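Contents: one structure, followed by commentary.
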Amino acid sequence: MSILNYQNLTLTYNEQEILHHIDLMIPKNQITVIVGQSGSGKSTLLKATMGLLSDDAKIIEGKILFEEDNLLEKDLDCYRGKKIGMIFQNPLTYFDDYQNIEEHFYESLHTHFKYSKKQSREIAIHYLKQMGLEKTILNKYPFELSGGMAQRVMIALVLCLQPSLVLADEPTSSLDVVIQKQILDYLLNLKKQTTFVFVTHNIQVARYIADQIVVIKDGMIVEKGNVETLFNAPKHPYTKSLL
Ligand SMILES: Nc1ncnc2c1ncn2[C@@H]1O[C@H](COP(=O)(O)OP(=O)(O)OP(=O)(O)O)[C@@H](O)[C@H]1O
Ligand SMILES: [Mg+2]
């Protein structure tokens with residue numbers, strides 16, 4: 003069963019076609035990994051799903067179905083956070099510089115679940131711990147975080163809402179291998195309740211976590227399949243070159 007379904011999605015930036023006729027089913031409770039070279043349209047696909055494209059982007063045709071709903075016709079505010087969480091490629095652009103990390107958690111948890119400050123703090127500490135972060139980070143402001151810390155705080159902020167679908171854009175790219183593995187193992191454990199679409203440049207990471215791998219090149223899906231098939235018998239020359 004699929005939770006998300008892209009049907010013939012075609013998108014332009016300033017009249018230039020960036021995504022071409024994307025057809026892709028995202029199976030529920032699995033991890034779908036998207037790989038592809040820089041500029042191939044991976045982040046654009048995730049942002050389109052969340053309704054976060056800039057004004058110069060235009061959807062020419064197609065649908066993005068989340069369960070039964072075409073997200074392109076919906077008010078995405080009703081989906082963001084609780085139903086669909088997004089871990090951004092550049093987490094610092096997502097944070098509010100005037101709020102410390104504790105306030106970020108409170109705002110999010112209070113908005114979605116009406117949790118008190120005390121409850122939010124406890125939940126924040128729990129999720130930060132899973133990311134290998136101490137609670138002292140709650141008092142810090144976003145600009146005080148390293149790239150890897152910001153990534154981990156962002157993952158905790160997204161996961162604490164327990165979304166049914168998580169779009170993760172290079173979520174572990176700034177992390178050392180030990181922390182990276184810890185977090186990937188945590189995500190693997192969440193598969194029972196959450197579906198992931200995970201963008202990465204790292205083929206080892208893809209191999210470790212993916213159920214399904216999708217290879218995208220110049221805005222087109224050139225190959226997709228389960229991990230064993232794709233790694234053992236890649237068909238497209240671009241996939242071969244990646245491996
Ligand atoms: N806001 C924008 N306005 C115009 N063009 C854009 C905009 N954002 C992205 N693009 C273009 O769309 C294409 C796809 O970009 P996108 O960010 O989706 O690539 P990506 O696969 O995520 O790359 P990377 O691996 O480097 O993150 C690129 O050619 C990029 O220049
Ligand atoms: Mg990107």
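For the sequence shown, this note's numbering assigns the number 3 to the initial residue and increments by one for each residue that follows. Each residue gets a CB set at the ideal place from its N, CA and C atoms; glycine is no exception. Note that the structure is predicted; figures quoted are calculated from it, not measured.
Inset, instruction - Quick one: using the 10 Å Cβ neighbour count with 16 as the cut-off for buried, is residue 162 buried or exposed? - result: The residue you call residue 162 lines up with position 160 of the sequence shown. By the Cβ neighbour-count rule, residue 162 is buried, with 16 or more other Cβ atoms within 10 Å of its own.
Legend entry - Residues near ligand 2, criterion Cβ-heavy atom distance below 7 Å: Those residues whose C-beta sits under 7 Å from the nearest heavy atom of ligand 2 are, from N- to C-terminal order along the chain, 44, 45, 91, 171, 172 and 201.
Legend entry - Nearest-angstrom Cα separation, counted from residue 237 out to residue 115: Looking up residue 115 in the sequence shown gives position 113. Looking up residue 237 in the sequence shown gives position 235. When only Cα atoms are considered, residue 115 and residue 237 end up about 47 Å apart.
Inset, instruction - Taking residue 172 and residue 91 to be in contact with their CB atoms under 8 Å, please state how far apart those CB atoms are, rounded to whole angstroms. - result: Here the question's residue 172 lines up with position 170 in the sequence shown. Here the question's residue 91 lines up with position 89 in the sequence shown. Contact check for residue 172 and residue 91: beta-carbon distance about 5 Å, within the 8 Å limit, so the pair qualifies.
Legend entry - Separation of residue 103 from residue 158, as counted between CA atoms: One-based indexing of the sequence shown puts residue 158 at position 156. One-based indexing of the sequence shown puts residue 103 at position 101. About 11 Å.
Inset, instruction - Classify residue 152 as buried or exposed, calling it buried when 16 or more other Cβ atoms lie within 10 Å of its own Cβ. - result: Numbered from its first residue, the sequence shown carries residue 152 at position 150. Burial call: buried.
Inset, instruction - Would you mind working out which of 37, 197, 40 and 47 sits nearest residue 25, comparing C-alpha positions? - result: Residue numbering aside, residue 25 sits at position 23 when the sequence shown is read from its first letter. The alpha carbon of residue 25 has as its nearest neighbour, out of 37, 197, 40 and 47, the alpha carbon of 47.
Inset, instruction - On a CA-only basis, which of 29, 64, 19 and 8 is nearest residue 213? Give me that one, please. - result: Taking the first residue of the sequence shown as 1, we reach residue 213 at position 211. Closest by alpha carbon: 29.
Legend entry - 9 Å Cβ cutoff met for residue 56 and residue 201: Working through the sequence shown from its first residue, we reach residue 56 at position 54. Working through the sequence shown from its first residue, we reach residue 201 at position 199. No. Outside cutoff.
Legend entry - Touching by the beta-carbon criterion (3+ pairs, under 8 Å), the segment 85-99 and the segment 170-186: Judged by Cβ distances under 8 Å, the segment 85-99 makes contact with the segment 170-186, as three or more pairs qualify.
Legend entry - Span separating the alpha-carbon of residue 229 from that of residue 120: Taking the sequence shown and counting its residues from 1, the one referred to as residue 229 is at position 227. Taking the sequence shown and counting its residues from 1, the one referred to as residue 120 is at position 118. Their backbone Cα atoms lie some 43 Å apart in a straight line.
Inset, instruction - Grab me the residues of residue 94's own chain with a C-beta within less than 7 Å of its C-beta, minus the 5 sequence neighbours each way, in chain order. - result: Within the sequence shown, the letter at position 92 stands for residue 94. Beyond the five residues adjoining it in sequence on each side, residue 94 comes within less than 7 Å, by CB distance, of 144 and 152 in the same chain, given in chain order.
Legend entry - Euclidean distance between Cα positions of residue 31 and residue 72: One-based indexing of the sequence shown puts residue 31 at position 29. One-based indexing of the sequence shown puts residue 72 at position 70. Rounded to the nearest angstrom, the gap between the Cα atoms of residue 31 and residue 72 is 20 Å.
Inset, instruction - Kindly list the residues whose CB is nearer than 6 Å to the CB of residue 196, restricted to its own chain and excluding five residues on each side of it in sequence; keep chain order. - result: Numbered from 1 along the sequence shown, position 194 holds the residue referred to as residue 196. Excluding positions up to five away in sequence, the list reads 168.
Inset, instruction - List the DSSP bridge partners of residue 95. - result: In the sequence shown, the residue the question calls residue 95 occupies position 93. Residue pairing from DSSP leaves residue 95 without any beta-bridge partner.
Legend entry - residue 134 versus residue 181: straight-line alpha-carbon distance, rounded: Stepping through the sequence shown from its first residue, residue 134 is reached at position 132. Stepping through the sequence shown from its first residue, residue 181 is reached at position 179. Rounded to the nearest whole angstrom, the C-alpha separation of residue 134 and residue 181 is 7 Å.
Inset, instruction - Could you pull out every residue in the same chain whose Cβ sits closer than 7 Å to the Cβ of residue 190, ignoring the five residues on either side in sequence? - result: By 1-based counting over the sequence shown, the position of residue 190 is 188. Counting only Cβ-Cβ distances below 7 Å, and skipping sequence neighbours, we find 211.
Inset, instruction - Check whether the Cβ of residue 218 lies closer than 8 Å to any heavy atom of ligand 1, and answer yes or no. - result: The sequence position of residue 218 within the sequence shown is 216, counting from 1. Flag set: Cβ of residue 218 near ligand 1.
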